[in-house]
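So for the sequence shown, our numbering puts the first residue at 760; every next one is plus one.
By construction, the Cβ of each residue, glycine as well, lies at the ideal position given by its N, Cα and C atoms.
Here the structure is laid out as structure tokens; the discussion comes afterwards.
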Amino acid sequence: MLHFRKTLTIASLLMFFILVSAGGASGKVLYNDTIDEGDGYQINDYVIDVAEVVPQHETVFINIYEGDSDDPRYEKLISVGSSFEFGLEGENVDITVISVYSSEIPRAKLAITITDDDIINSRTLGVVEGGHSEAELSTTPVLAINKVVDKSNMNVGDVVRVTVTVENTGDGDAFDVIFSDPPQEKFILVDDILGSPGKVDISIDDPVKKIYVYDMKATEAGTFSLNPTTAIFTNSIGESFPMASSNQPTVIVEGSADQVSASLEVEMELDSYTVDRNEDLHGTISIRNVGDAPASAVNINMIIPEGLEYKGDDPSIEIISGVPTVYLDSFGIQQEKEFSFKVKAKEVGTYTLSLENSYLYNDGINSRMQSASSDLMTNRIYVTKGKYDYLFEQPVYVYLVPLLIIGAIAGWIYHRHKQYKF
């Protein structure tokens, strides 16, 4: 009887290798070892439980569970040397019983193959002590993030309360959830009521949870879609999921009588836009505050292109880091100023002059100063050849030959003059 069992085991092993060889490259060996009775082998969300090993009958009871179901999808009694095949996510899994062993805890040697292992999740693959009840499944948490405001129409200077909630509507808990709620442009945070939630877990059994509550003050009129609140997270086996994002409520902000602003009109004019090379251009920079608030730290930089050269004129225009600059500490409402300047045309070509302007002002709403900036560019400036430029364009011999001839004549006359003198 013992000899028969040994012969049967060798025959079973030989049969397994023949089956694997016959499968060719399409069959992938996932497991070829022993499993104790009561334990299982997990492939993705399937668990193959070795429910009972019966050494005296050379058989194994196999239960195959899908997901977290308590009822097996397949129940099979497999004899040594026999196999059972089932489908898993479009692939075929084959379980072959190689041998069984009698001991304090009976065990069976199984060979498990799959037609293609590309679908395998390495985080949910391998022996599970205790079988399917102890398996960690690859669940899919789904975070539904909702952002609401207590008002959608308001005035500049009004405060809006923002509340952000989250609910897990998936089939598994979300772990290591990190939320992000970026600052909103044209609003300032005035009260962070709930604070940042930090890193949290969101269970499918949790009720809707508040994660942010804060108040923002509107600082500028306009229609704004609030930035979405986002979250990154994993499931119970550490798989990362695509970033979840909230909705973007719209807030319409109207102007306020209390809000003011400085508004600088900056212009630059030249006396001509066509000039000969080596000639000068004369220009004027004019500034006027047409807003309803004074400006401060007014800074106007004149950008001079290569081919033109700044020649000064108005002492109020200073050279700072090589750039002609107008700087004013303050500039009142309806105030006007003019600054004259001069540039020299050095090279033939087409150019433009530019101004870069910036200033600060108090809008009457915010405690911090507001900033504004603008750019200005002149019409094209055409630098043409100067009156005597053609003289420098002739080859050297054009001037050298006549000079040599004149010199020779002068020398001959001087020589003859010396001869007749005596």
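Between the segment 985–1004 and the segment 893–906 there are three or more C-beta pairs closer than 8 Å, enough to call the two in contact.
Closest in alpha carbon position to Thr982, among Gly1170, Met975, Pro1008, Thr988, is Pro1008.
When DSSP states are grouped into helix, strand and coil, Thr883 belongs to the helix group. It is roughly 18 Å from the alpha-carbon of Val921 to the alpha-carbon of Glu979.
Residue Ala977 holds the alpha-carbon nearest to the alpha-carbon of Asp1017 among Ala977, Ser862, Glu811, Gly1081. Here Ile1063 has Tyr1069 as same chain residues with Cβ atoms under 6 Å from its own Cβ, once five neighbours each way along the sequence are excluded. Leu1135 has Leu1114 as its beta-bridge partners, per DSSP. For the beta strand (DSSP E) assignment, the uninterrupted runs of no fewer than 3 residues enclosed by the segment 826–908 are, from N- to C-terminal side, 833–838, 842–847, 850–860, 866–873, 884–887, 902–908. Taking the Cα of Glu811 as reference, the smallest distance to any Cα among Ser1055, Leu847, Val856 is reached at Val856.
Leu1067 and Val1102 do touch by the CB rule: their CB atoms are close to 5 Å apart, below 8 Å.
The residues Gly799, Val806, Asp808, Tyr824, in chain order, have a CB closer than 6 Å to that of His891 in the same chain once the five nearest residues on each side in sequence are set aside.
With contacts defined by Cβ atoms closer than 7 Å, Ser1089 and Asp1073 do not form a contacting pair. A distance below 6 Å between beta-carbons, with the five flanking residues on each side excluded, links Asn1058 to the following residues of its chain, in chain order: Tyr1086, Ser1117. In terms of Cβ geometry, Asp876 and Lys968 do not form a close pair [threshold 7 Å].
Annotated as proximal: Gly931 and Pro900, with beta-carbon spacing under 7 Å. Collapsing the DSSP output to three states places Ile1124 in coil.
Counting along the chain, the unbroken beta strand (DSSP E) around His1041 starts and ends at 1039–1048. Across the set Ile963, Gly846, Glu944, the C-alpha of Ile963 shows the shortest separation from the C-alpha of Ala933. DSSP, read as helix, strand or coil, puts Gly1170 in helix. The residue from Thr818, Gly1042, Glu834 with its alpha-carbon nearest to that of Arg866 is Thr818. Fewer than three Cβ pairs drawn from the segment 836–848 and the segment 903–911 lie within less than 8 Å of each other, which leaves the two stretches out of contact. Along the segment 915–990, the alpha helix (DSSP H) does not occur as any fully enclosed run of 4 or more residues. Looking at the backbone, the Cα of Glu850 and that of Glu796 are separated by about 26 Å. Here Ile802 carries a strand assignment [DSSP, helix/strand/coil].
Considering only Thr1111, Ser1126, Ser1132, Ile1124, the residue with the shortest C-alpha distance to Tyr1141 is Thr1111. If you ignore the 5 residues before and after Asn1125, its C-beta comes within less than 6 Å of the C-beta of Thr978, all in its own chain and listed in chain order. About 7 Å separates the beta carbons of Phe992 and Leu902, which is inside the 8 Å limit, making them a contact pair.
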